[in-house]
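Trainee: Next up is a structure, given as structure tokens.
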Amino acid sequence: MPATPFVLTPAESKRLIARAVVQLPSVKKALSDGIVMASTGSTNTYVLEELLGEKIPQHSYLSGITLPAKDAPNIPADRRNDLVLVKGRPDDSLDRFSALERMEPGDVFIKGANALNYDTQTAGILIGGHGGGGTIGAAMGHVVGRRLNLVMPVGLEKCIADDIVEVAERMNTPDEYDPDPPRMMPVVGADIVTEIEALRVLAGVEVYHVASGGIAGAEGAVWLLAEGSSDEVAAAKRIVEDLRGEPPFLAGSRS
Numbered sequence: 002m003p004a005t006p007f008v009l010t011p012a013e014s015k016r017l018i019a020r021a022v023v024q025l026p027s028v029k030k031a032l033s034d035g036i037v038m039a040s041t042g043s044t045n046t047y048v049l050e051e052l053l054g055e056k057i058p059q060h061s062y063l064s065g066i067t068l069p070a071k072d073a074p075n076i077p078a079d080r081r082n083d084l085v086l087v088k089g090r091p092d093d094s095l096d097r098f099s100a101l102e103r104m105e106p107g108d109v110f111i112k113g114a115n116a117l118n119y120d121t122q123t124a125g126i127l128i129g130g131h132g133g134g135g136t137i138g139a140a141m142g143h144v145v146g147r148r149l150n151l152v153m154p155v156g157l158e159k160c161i162a163d164d165i166v167e168v169a170e171r172m173n174t175p176d177e178y179d180p181d182p183p184r185m186m187p188v189v190g191a192d193i194v195t196e197i198e199a200l201r202v203l204a205g206v207e208v209y210h211v212a213s214g215g216i217a218g219a220e221g222a223v224w225l226l227a228e229g230s231s232d233e234v235a236a237a238k239r240i241v242e243d244l245r246g247e248p249p250f251l252a253g254s255r256s
């Protein structure tokens, strides 16, 4: 069977995943006759650009970011409003919370993740201290009760070695040394979209995650092996080539 390897940097992966998210049948249907809500986050910034068909300042759609402990970049503080699309058009009267009150079965809520157990399709989301569970805490009751489609774009770079449910139990235990540490919420039942699903959606190939890491700008990169028919593998190659050179996230937004 024809096969070819690819290396994707984190930025290239985010762009790939975003392009696949907007092609999901559930998202396309909700864009046509329902509501799509894309929560803040780095991968969702790319989703936002793909949904709107335009570039946005990448710093403007972030929350809960992870930065180097030393010499972190100075990121502008201005933020744009939440993106809520009603029948494909932005509705500035809604945000991520008020949109949930209007969403109906089949509507789509898009939320990123901080950790992934790919084999069990379990995502982990870090949440702050006293905010009521963050975005995901506010959303899950509506997602389940209203039968919404929860789409989670998340790169394979966020795969972790330990069981997310066990990690969450440890992180959510009171700590006498740190009274307000981050918590973790495990999430199951979402439509998880990694690079694997993205290339399957866009090119029809089967994809295997075979290695990770790199240097000189490829830190966090993933090695993928794509298999399929000659036409499918050729399509995957074209898709990946079109991603090449995607700038590192925030490369054009730092001050």
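Per my numbering: the sequence shown = residues 2 to 256. C-beta atoms are modelled at their ideal positions from N, C-alpha and C, and glycine is treated no differently.
(1) Is DSSP giving D243 helix, strand or coil here?
(2) Tell me F7's beta-bridge partners as DSSP assigns them.
(3) Return the chain-ordered ranges of every alpha helix (DSSP H) run that is complete within the stretch 89 to 169 and spans a minimum of 4 residues.
(4) Where do the ends of the alpha helix (DSSP H) carrying S27 lie?
(5) Could you name the residues of the same chain whose beta carbon sits closer than 6 angstroms to that of G89, not counting the 5 residues immediately before and after it, in chain order?
(6) Would you mind reading off the limits of the alpha helix (DSSP H) that contains R201?
(7) Taking only the alpha-carbon atoms, compute the straight-line gap between A199 and D83 and give it to the nearest angstrom.
(8) Name the DSSP beta bridge partners of A39, please?
(9) Is there at least one non-hydrogen atom of the ligand NAP closer than 7 angstroms to the beta-carbon of P249?
(10) Should Q59 be labelled buried (16 or more other beta-carbon atoms within 10 Å of its own) or exposed?
(11) Cutting at 6 angstroms between CB atoms, please list the residues of its own chain near S231, excluding the five before and the five after it.
(12) Is it true that the CB of V152 sits closer than 8 angstroms to the CB of E196?
(13) Does R201 pass the burial test, meaning 16 or more other C-beta atoms within 10 Å, or should it be called exposed?
(14) Count the C-beta pairs between the stretch 90 to 102 and the stretch 156 to 169 that are closer than 8 angstroms, then say yes if the count reaches three, no if not.
(15) Could you compute how far the alpha carbon of F250 sits from the alpha carbon of P175?
(16) Is the CB-CB distance between P183 and M172 below 8 angstroms?
Mentor: Concretely, from the data shown:
(1) Under the three-state reduction of DSSP, D243 is assigned to helix.
(2) L225.
(3) With a minimum length of 4 residues, the continuous alpha helix (DSSP H) runs that stay inside the stretch 89 to 169 are 97 to 103 and 135 to 146.
(4) S27 -> alpha helix (DSSP H) spans P26 to D34.
(5) L32.
(6) In the DSSP annotation of this structure, the continuous segment of the alpha helix (DSSP H) that includes R201 starts and ends at E196 to A204.
(7) Roughly 24 angstroms between the two C-alpha positions.
(8) The partner list for A39 (beta bridge, DSSP) reads L84 and I111.
(9) This structure lacks the ligand NAP, and indeed carries no ligand of any kind.
(10) Burial call: buried.
(11) Closer than 6 angstroms at Cβ, skipping near neighbours: P3.
(12) With respect to the 8 angstroms criterion, E196 and V152 are not classified as neighbours on the basis of their beta carbons.
(13) Classification for R201: buried.
(14) Result no; under three Cβ-Cβ pairs closer than 8 angstroms.
(15) Cα-Cα distance, rounded: 34 angstroms.
(16) Note that the C-beta distance between P183 and M172 is below 8 angstroms.
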